[in-house]
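*Asks:*
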């Protein structure tokens, strides 16, 4: 099944019925923005990369992710942009922004005040085994 994913960037689900193997994690942002291959979340059966503009109701229905993962700030969006988009879509999983901040609770509080139904948190890259 072909869809709107960018095949050349390795963001397409496997050709075998995607509905049968839902992705658990969608890592949002330009793949190169996550750093060198050794430093980014590994794309696997449970992790798939998607661009900010690819995050829509169709993608959520197709992949049924439990977790959305993104950098706090990327080239074309930040966590507020993505949080608002996910909240508007009624995303019921967890959204985790990755950043090394001295006081992440300040940003978490701001996002939670804007998106009251969204499960949002910030984790340091080292907590995920990343070196962004």
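In the numbering used here, the protein residues as written are 1 to 132. Using N, Cα and C, we set each Cβ at its ideal position, and we do this for glycine too.
(1) Within its chain, find whatever has a CB closer than 8 Å to the CB of residue 8; leave out the 5 residues flanking it on each side and keep chain order.
(2) With DSSP as the reference, label residue 76 as helix, strand or coil.
(3) In whole angstroms, what separates the C-alpha of residue 140 from that of residue 107?
(4) Suppose you measure from the CA of residue 103 to the CA of residue 60; what does that come to, to the nearest Å?
(5) Let's test the definition: count the other Cβ atoms within 10 Å of the Cβ of residue 134 and tell me whether it reaches 16, buried, or not, exposed.
(6) Assuming the contact rule is C-beta atoms closer than 8 Å, residue 79 and residue 97 should be a hit. Round their C-beta distance to whole Å, please.
(7) Among the candidates 68, 87 and 76, whose CA atom is the shortest distance from the CA of residue 53?
(8) What number of angstroms, rounded off, separates the C-alpha of residue 63 from the C-alpha of residue 91?
(9) Can you grab the Cα-Cα spacing for the pair residue 70 / residue 29, in whole Å?
(10) Are the CB atoms of residue 83 and residue 111 nearer to each other than 8 Å?
(11) Does DSSP put residue 82 in a helix, in a strand, or in coil?
(12) Which residue comes first and which comes last in the beta strand (DSSP E) that contains residue 26?
(13) Use the C-beta contact count for residue 124: other C-beta atoms within 10 angstroms, 16 or more gives buried, fewer gives exposed.
(14) Grab the span of the beta strand (DSSP E) containing residue 58 for me, first residue to last.
*Replies:* According to the data block:
(1) Locating residue 8 in the chain shown gives position 8, where the first residue counts as 1. The predicted model places residue 8 with a pLDDT of 40, which falls under 50 and marks its position as unreliable, so this point remains unresolved.
(2) Here residue 76 refers to the residue found at position 76 when the chain shown is read from its first residue. Three-state DSSP puts residue 76 in coil, outside helix and strand.
(3) This structure cannot speak to residue 140, because the chain is shown only from 1 to 132.
(4) In the chain shown, the residue the question calls residue 103 occupies position 103. In the chain shown, the residue the question calls residue 60 occupies position 60. Roughly 31 Å between the two C-alpha positions.
(5) An answer regarding residue 134 cannot be provided, because it is not within the stretch 1 to 132 covered by the chain.
(6) What you label residue 79 is simply residue 79 of the chain shown in a count that begins at 1. What you label residue 97 is simply residue 97 of the chain shown in a count that begins at 1. 4 Å between Cβ atoms; contact.
(7) Position 53 of the chain shown holds residue 53. For the residues 68, 87 and 76, the minimum Cα distance to residue 53 belongs to 76.
(8) Reading the chain shown from its first residue, position 63 is the one you call residue 63. Reading the chain shown from its first residue, position 91 is the one you call residue 91. Each residue's Cα considered, the two are about 12 Å apart.
(9) As a working mapping, residue 70 is identified with position 70 in the chain shown. As a working mapping, residue 29 is identified with position 29 in the chain shown. Here the alpha carbon of residue 70 sits roughly 6 Å from the alpha carbon of residue 29.
(10) The residue labelled residue 83 in the question sits at position 83 within the chain shown. The residue labelled residue 111 in the question sits at position 111 within the chain shown. Closer than 8 Å, so yes.
(11) Residue 82 sits at position 82 when you count from the first residue of the chain shown. Helix, per DSSP.
(12) Against the chain shown, residue 26 aligns to sequence position 26. That run of the beta strand (DSSP E) goes 25-28.
(13) Along the chain shown, one-based indexing puts residue 124 at 124. That one is exposed.
(14) Here residue 58 refers to the residue found at position 58 of the chain shown. Premise fails: residue 58 lies in the alpha helix (DSSP H), 57-63, not in any beta strand (DSSP E).
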